[in-house]
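In terms of this note's numbering, the sequence shown opens at residue 24 and continues consecutively. Idealized CB from N, CA, C, for every residue including glycine. Note sheet for the following structure.
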Amino acid sequence: MTLTNPSALVNQLVDFLRQELAQRGFKKVVVGLSGGVDSAVVARLCQEAIGENLHALLMPSSVSSKESVEHALLLCERFNLSHHIQSIAPLELAFRELHPEATPLRIGNACARFRMITLYDFSFKENRLVIGTGNKSEILLGYGTLYGDTACALNPIGDLYKTEIFQLAKFLSIPDEIIQKAPSADLFEGQSDEKELGFSYNDMDQLLFDHIELKLSKEELLAKGHAKELVEMVLKRISTNKFKSEMPPIAQVRGRL
């Protein structure tokens, strides 16, 4: 899975952002900057599309790594991005006090939703559109918090697999410190995507590509050499988490007239 023409891809995504913003009547956007590669790529795409009308919002929690904030600030300094830090730690602390039995995952999901609240409040106050940062791998696997990090008005990278994001990041001159570190949603201390999912993005993305783009069945995936455990995990996640990327079903009322 190699990007053959990253320059053309950037132009396509920049055009997408400009067209969608124009259709919605917005000139300014806000991006939640985590210090990871996905939000870094989105911020750079927005900068290419609308320049100084981009604002980056850094929203660390009490368990966010020091490295995450440092890397987000590094990106802002490198590309002169308008930004500010708004900690969600007070919201997190209130949640912990209300729910002392909460597991790290529950707290992490709550923090993702606190970030959504913070982003959308800033969006309303500043008349900015919230730009999403979820990649295709995460979306297909359901690896995100519903109405948390999945909430956005536009998503320029939602059709790009994680391994493609890494390649695009290099083309966009994202700092190596961001590209080379282990991907993490930073939901709780020591968390990493690949550790939690149990497989590398290289392996998962190749399987996802074969299943989604080439439409290979489970039997064909196994015949191609994909590990059985990986195939079963990925197919199960796609099936059970599909609802996360769909609008809630609405009951159709019959016999109204």
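Taken through DSSP and simplified to helix, strand or coil, Ala79 comes out as strand. Taking 7 Å as the cut-off, the beta carbon of Ile154 is found closer than this to the beta carbon of Leu177. If you draw a 10 Å sphere on the C-beta of Asn28, you find fewer than 16 other C-beta atoms in it, and that means exposed. Non-local C-beta neighbours of Tyr166 in its own chain, meaning closer than 6 Å and more than five positions away in sequence, are absent. Assignment of alpha helix (DSSP H) within the segment 192-259, counting only whole runs of 4 or more residues, yields 199-203, 216-220, 224-231 and 241-246 in chain order. In the structure shown, the three-state DSSP call for Leu177 is strand. Annotated as distal: Glu120 and Cys134, with beta-carbon spacing of 7 Å or more.
Relative to Ile201, the option among Ser91, Gly248 and Phe232 whose CA is nearest is Ser91. When only Cα atoms are considered, Phe147 and Gly248 end up about 49 Å apart.
DSSP, read as helix, strand or coil, puts Ser105 in strand.
Annotation for Val86: no alpha helix (DSSP H) segment contains it, and DSSP assigns it neither H nor E. Judged by DSSP secondary structure, Val60 falls within the alpha helix (DSSP H) whose first and last residues are Val60 to Ile73. The segment 29-40 and the segment 129-143 do not touch, with fewer than 3 CB-CB distances between them shorter than 8 Å. Setting aside the 5 residues that flank it on each side, Leu231 is surrounded in the same chain by Ser160, Leu163, Tyr184 and Val257, each with a C-beta closer than 7 Å to its C-beta; the list follows chain order. With a threshold of 16 other beta carbon atoms within 10 Å, Gly171 meets it and is buried. Non-local beta-carbon contacts of Ile235 in its own chain, meaning distances under 7 Å to residues more than five positions away in sequence, involve Leu163 in chain order.
Around the beta carbon of Arg138, a 10 Å sphere encloses 16 or more other beta carbons of the protein chains shown; the residue is thus reported as buried. If the five residues before and after Lys50 are omitted, its C-beta is found closer than 8 Å to the C-beta atoms of Leu44, Ile73 and Asn76, all from its own chain and listed in chain order. Shown here, Leu152 sits in a strand according to DSSP, grouped into three states. For His122, the number of other beta carbons within 10 angstroms of its own is below 16, and it is reported as exposed.
For the pair Val60 and Ala192, the CB atoms are nearer than the 7 Å cut-off. Membership of Val37 in the alpha helix (DSSP H) is indicated by the continuous run Pro29 to Arg47. In this structure, the beta-carbon distance from Thr141 to Gln109 falls below 7 Å. Its chain contains Asp209 as the residues whose beta carbon lies nearer than 6 Å to that of Ser87, once the 5 sequence neighbours on both sides are disregarded; these appear in chain order. In this structure, the beta-carbon distance from Ala95 to Leu56 falls below 7 Å. The DSSP-derived three-state label of Val92 is helix. Taken atom to atom, the span from the alpha-carbon of Ser85 to that of Ala63 is near 21 Å.
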